[in-house]
Amino acid sequence: MAALTTMRAIFPNFFRPELRRGPFVYTLTDLHQSNIFVDEHWNITKVVDLEWATSRPVEMVHPPYWLTTQPVDGIDAQEYEKLHQEFMNAFEEEERRFPGRCSEGPCLSNILRRGWESGTFWYSLALDSPTGLFSIFYDHIQPIFSKEHLNDANFFGIMKCYWSMDANSFIQAKLRDKEEYDLRLSEAFAADIPKTSR
Numbered sequence: 091m092a093a094l095t096t097m098r099a100i101f102p103n104f105f106r107p108e109l110r111r112g113p114f115v116y117t118l119t120d121l122h123q124s125n126i127f128v129d130e131h132w133n134i135t136k137v138v139d140l141e142w143a144t145s146r147p148v149e150m151v152h153p154p155y156w157l158t159t160q161p162v163d164g165i166d167a168q169e170y171e172k173l174h175q176e177f178m179n180a181f182e183e184e185e186r187r188f189p190g191r192c193s194e195g196p197c198l199s200n201i202l203r204r205g206w207e208s209g210t211f212w213y214s215l216a217l218d219s220p221t222g223l224f225s226i227f228y229d230h231i232q233p234i235f236s237k238e239h240l241n242d243a244n245f246f247g248i249m250k251c252y253w254s255m256d257a258n259s260f261i262q263a264k265l266r267d268k269e270e271y272d273l274r275l276s277e278a279f280a281a282d283i284p285k286t287s288r
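Printed below as a string of structure tokens:
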């Protein structure tokens, strides 16, 4: 809960007010290597899995996290930075092929670079990955604000209290819900297991 509470609090540090009302970009949120088809010259010919598409704030658009082939919650920032730079160089080269594009609005390459420099890349990536959020927060976002809190147990105890009023009751209710869920799940699976005779 400390990570989630802090994510709520630090949001304004990553997204510029002047871009909150647009532009918005149609994005495939599940875009990865296995749903991109290319020809023998590495030209993209097809993209599948379009049901996971949405319109997002332009600052949430970033180079793919899988450039290093590392899992989202295990990205080595230094290794990724090299590939990010290579991606950005190619991206800017493509952007220059359409000279009027940047006169219509903010240059996307500038937004992507700023996102990397400010940490918006990591913040957006954490929002995109519920299972990776905590690792991304503690490895890449929290150190931007305070390296001292990385091993400070007080951070966890204090921050959880700001999730909601009476956060402890909320936590207890969620723990009871989890116990009940686990019990129902084990009962459901036990009912499906045929009894074997000895």
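Following my numbering, the numbering of the sequence shown begins with 91 at its first residue and continues without gaps. The beta carbon of each residue, even a glycine, is placed where N, CA and C say it ideally should be.
**Study point:** Cβ-based neighbour list, L173, same chain, cut-off 7 Å, excluding 5 preceding and 5 following
**Key:** By 1-based counting over the sequence shown, the position of residue 173 is 83. The answer, listed in chain order, is L157, T158.
Exercise for review: Would you mind sorting L265 into buried or exposed? The rule is 16 or more other CB atoms within 10 Å of its CB.
Suggested key: For this step, residue 265 is matched to residue 175 along the sequence shown. Label assigned to L265: exposed.
Check your understanding: So, is L223 buried or exposed, given that buried needs 16 or more other C-beta atoms within 10 angstroms?
Key -> Here the question's residue 223 lines up with position 133 in the sequence shown. It is buried - the Cβ of L223 has at least 16 other Cβ atoms within 10 Å.
**Study point:** Where F104 falls: helix, strand or coil (DSSP)
**Key:** Position 14 of the sequence shown, counted from the start, is the residue given in the question as residue 104. Assigned with DSSP and collapsed to three states, F104 falls in coil, not helix or strand.
Check your understanding: Is the CB-CB distance between A216 and I201 below 8 Å?
Key -> As a working mapping, residue 216 is identified with position 126 in the sequence shown. As a working mapping, residue 201 is identified with position 111 in the sequence shown. In this structure, I201 does not lie closer than 8 Å to A216 by Cβ.
Review point. Going by C-alpha distance, which of L109, K136, Y252 is nearest T95?
Key: Here residue 95 refers to the residue found at position 5 when the sequence shown is read from its first residue. Of the candidates L109, K136, Y252, the one whose C-alpha sits nearest the C-alpha of T95 is Y252.
Review point. Would A92 pass as a contact of F246 if the rule is Cβ separation under 8 Å?
Key: Counting from one through the sequence shown, the residue named residue 92 turns up at place 2. Counting from one through the sequence shown, the residue named residue 246 turns up at place 156. Yes, these two residues count as a Cβ contact at 8 Å.
Review point. Taking DSSP as the reference, what is the three-state secondary structure of K72?
Key: The requested residue 72 is not part of the displayed model; the chain covers only 91 to 288.
Exercise for review: Reducing DSSP to helix, strand and coil, say where L121 ends up.
Suggested key: Position 31 of the sequence shown, counting from 1, holds the residue named residue 121. The answer is coil: DSSP assigns L121 none of H, G, I, E or B.
Exercise for review: Report the rounded CA-to-CA distance for A257 versus I231, giving the unit in angstroms.
Suggested key: Position 167 of the sequence shown, counted from the first residue, corresponds to residue 257. Position 141 of the sequence shown, counted from the first residue, corresponds to residue 231. Those two C-alpha atoms are separated by around 23 Å.
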